[in-house]
Amino acid sequence: MRHDGAGVFKDLPTPFNATRYHSLVIAEDGFPEDLEITARSDDGLIMGLQHKTHPVHGVQFHPESIASEHGHKILENFLTLANAYAALQIA
Numbered sequence: 001m002r003h004d005g006a007g008v009f010k011d012l013p014t015p016f017n018a019t020r021y022h023s024l025v026i027a028e029d030g031f032p033e034d035l036e037i038t039a040r041s042d043d044g045l046i047m048g049l050q051h052k053t054h055p056v057h058g059v060q061f062h063p064e065s066i067a068s069e070h071g072h073k074i075l076e077n078f079l080t081l082a083n084a085y086a087a088l089q090i091a
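All residue numbers in the sequence shown are consecutive under the UniProt record's numbering, ending with 91.
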């Protein structure tokens, strides 16, 4: 999988191997303008996205799986983003 190196993919090599347990995909036809694609599989399918203005991130694979590389770092990045957003809400 290839990614943009930002958000949940910060400080990760690209490409890396990620595991899906299904054939569900996000369609590009009608893809919302307020979302941006952050990762794609080798065959071009959308594997990651984020909202352009809200703290919303999503992946279409299983970072928690032992078969996915760098899963701990992806989850660590997500928690860092969530904690930063929470700190802004408190301030």
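C-beta atoms are modelled at their ideal positions from N, C-alpha and C, and glycine is treated no differently.
Spatially closest choice to residue i from the options, by CA coordinates
i     : options                       : result
Glu33 : Lys52, Ile46, Gly44 and Gly48 : Lys52
Ala18 : His57, Lys73, Ser41 and Ala91 : Ser41
Pro63 : His3, Arg20 and Pro13         : Arg20
Ser68 : Ala86, Gly7, Leu12 and His54  : Leu12
Gly58 : Gln89, Ile74, His70 and Ile66 : Ile74
Met77 : His3, His54 and Phe9          : The sequence shown places Asn at residue 77, rather than the Met named in the question. That would be Phe9, whose Cα lies nearest to the Cα of Asn77.
Leu35 : Val56, Asp43 and Tyr85        : Val56
Arg2  : Leu88, Tyr85, Gly44 and Ile26 : Gly44
Pair within 8 Å by beta-carbon distance, residue i and residue j
i     : j     : result
Thr38 : Gly30 : no
His70 : Phe16 : yes
Bridge partner(s) assigned by DSSP for residue i
i     : result
Leu49 : Ile37 and Gly58
Arg2  : Arg40
Proximity test, residue i beta-carbon vs the ligand ADP heavy atom, cut-off 7 Å
i     : result
His57 : You won't find the ligand ADP in this model; it holds no ligand whatsoever.
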